[in-house]
Every structure is written in structure tokens, then in C-alpha cells.
Amino acid sequence: MDNPIEKRRLELEKYFDAKSPFALLRVAQMKRAWKHKNRRELTWWENTYIPTVVTGIHLTSKHFFHNLNLHILHLFGLCKDQKAAVTYQYPEQPRPLSARTRTRHRLTKREDGSPRCVACMMCETVCPARCIEITAGEHPDPNIEKFPQKFVLDLGKCVYCGFCVEVCPEDAIRMDTGKLNTAEYSRESMIYDKKRLMDE
Ligand code: SF4
Ligand code: SF4
-10 MDNPIEKRRL
0 ELEKYFDAKS
10 PFALLRVAQM
20 KRAWKHKNRR
30 ELTWWENTYI
40 PTVVTGIHLT
50 SKHFFHNLNL
60 HILHLFGLCK
70 DQKAAVTYQY
80 PEQPRPLSAR
90 TRTRHRLTKR
100 EDGSPRCVAC
110 MMCETVCPAR
120 CIEITAGEHP
130 DPNIEKFPQK
140 FVLDLGKCVY
150 CGFCVEVCPE
160 DAIRMDTGKL
170 NTAEYSRESM
180 IYDKKRLMDE
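Residues -10 to 189 (the numbering used here) make up the sequence shown, in order.
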């Protein structure tokens, strides 16, 4: 069909067919158009934005003085059951983290200081971001099958899902360092090797 007007008409007809999959879309379009057309005009007083500014200042002041009064009362040991808003002076004063928060990874150690990891590759396999790379080696202790010759975790790719921690059968990897400020100046610095994961 070459006639563009006819093509457009047929296209629009699809929207008007109540049984078509586009019917709901058409209703939504009509509602939006109606709202737009019937939108109330602002009065001259509203157009000055003074009422909106005054409402904003009132709301901000209400919260400010409410919290200020509560902090003063807390100084005198009163109304301790009512919490006042707190501003954390980050990064000097880091915000307390919940015990369940997943923070930067670490590799746990045995008593002799070697990694608990047995290079089973479960974490590498389960990682959805493919950011763990392990090379397994034979452990000198016959009671331990393998150990990670190389354990590399690229934090730049990690999505902090915690799957590696969940899947580990040895409790060898944890996300409980409490460290969230992992920003670096290069991608390479975001790559953590075994030593960094054990010691930092
Ligand atoms: S937290 Fe998730 S994305 Fe990050 S290393 Fe573990 S499994 Fe991979
Ligand atoms: S799942 Fe645990 S034991 Fe297995 S390779 Fe990963 S950290 Fe090591």
C-alpha cells in the first residue's frame, strides 16, 4: 500500500477496535489527552509561585524545629523514646550498617593462616557476573584435596548478589568486611587477588 494517508488511517483503526490488543493503549491515550485538555489553569496568585514556596518553607521548618526540639529534649534526658533525625557526617562518620548488609568480600583463613578455600569452583560457577577466577592446585596436606593457587575477584564486575557466599561449602568466602568504599582510580585496581582478599 503506497498511499501514506490510507496507511495511517488503517493504523489508527487498530486502536479503535475494542477487541484489538491496542484497545487498552488507546484508552490510556484518551485519558491522558482528556486530562491535558481539562487541566485547570493556574490563577494569577498561583502563577506567582508564592503559595508553593510558602508551603515548602513551612514543611521544611516544621521538620527542622521538630527535630531540633527533640535533640534539645534528649540532652536533658527527656523523650528518649522518640527518635530524632540524624545526619551522618560521611565519610568521617560512617553510617552503622545492618549485620546482614553484604559488604566487600574476604577469604577466611585456617589456623595456620592459609585460605579455607578448597578450590571447589562452586562460587566461580554460580557467579552471575563471571567475576571470580580460580586456578586449583594440589594441597600438600593429604587431608585437603585442593587449594586455590590463584583466586581473583573483579569487584568492578561484581553485583554483590552474595551467591558466592551462599554456595561455599567451606565458609571460605564472606561478605562481612563492613567495607563499602571500594572506589578506585582504575579498573585494574578493582581486581582483588588472594592476598588482598585475605589481608585487606
Ligand atoms: S557477590 Fe555475586 S557477583 Fe559478586 S562475586 Fe559473589 S556471586 Fe559473583
Ligand atoms: S565455593 Fe568456597 S571453597 Fe569453593 S572455590 Fe569458592 S570460596 Fe573456595
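Glycine is no exception: its CB is placed at the ideal position from the N, C-alpha and C atoms.
Would you mind working out which of GLU81, ALA161, ASP143 and LEU48 sits nearest GLU173, comparing C-alpha positions? Taking the first residue of the sequence shown as 1, we reach residue 173 at position 184. Considering only alpha carbons, the answer is ASP143.
Residue range of the unbroken beta strand (DSSP E) whose run includes GLN18: By 1-based counting over the sequence shown, the position of residue 18 is 29. First-last for GLN18: 12 to 26, but that is the alpha helix (DSSP H), not the beta strand (DSSP E).
So does ILE123 have its beta carbon nearer than 7 Å to some heavy atom of ligand 1? Along the sequence shown, read from residue 1 onward, the residue named residue 123 stands at position 134. ILE123: no, Cβ never under 7 Å from ligand 1.
In this structure, how does DSSP classify ARG95 when only helix, strand and coil are distinguished? Here residue 95 corresponds to residue number 106 of the sequence shown, with the count starting at 1. Correct three-state label for ARG95: strand.
CA-CA distance, GLU177 and LYS146? For the purposes of this step, residue 177 is taken as residue 188 along the sequence shown, with counting starting at 1. For the purposes of this step, residue 146 is taken as residue 157 along the sequence shown, with counting starting at 1. C-alpha separation (whole angstroms): 11 Å.
Considering LYS184, what are the terminal residues of the alpha helix (DSSP H) in which it resides? Your numbering for residue 184 matches position 195 in the sequence shown. Per DSSP, LYS184 belongs to the alpha helix (DSSP H) from 183 to 188.
Please list the terminal residues of the continuous beta strand (DSSP E) segment that includes THR124. By one-based count along the sequence shown, residue 124 stands at place 135. 121 to 127 is the span of the beta strand (DSSP E), which, as asked, contains THR124.
Alpha-carbon to alpha-carbon, TYR79 and ALA125: What you label residue 125 is simply residue 136 of the sequence shown in a count that begins at 1. What you label residue 79 is simply residue 90 of the sequence shown in a count that begins at 1. When rounded, the distance between both Cα atoms is 41 Å.
Would you call the region 131 to 141 in contact with the region 36 to 56, where contact means no fewer than 3 C-beta pairs closer than 8 Å? no
My assumption, with CB atoms under 8 Å, is that ILE180 sits in contact with LEU96. Please give the rounded CB distance. For this step, residue 180 is matched to residue 191 along the sequence shown. For this step, residue 96 is matched to residue 107 along the sequence shown. Rounded, the Cβ-Cβ distance is 14 Å, inconsistent with contact.
Please state whether the Cβ-Cβ distance between ARG105 and GLU155 is less than 8 Å. Stepping through the sequence shown from its first residue, residue 105 is reached at position 116. Stepping through the sequence shown from its first residue, residue 155 is reached at position 166. Contact: no.
Keeping to the same chain, check which residues put their C-beta closer than 6 Å to that of GLU122; ignore five residues upstream and five downstream. For the purposes of this step, residue 122 is identified with residue 133 of the sequence shown, where counting begins at 1. Correct list, in chain order: VAL141.
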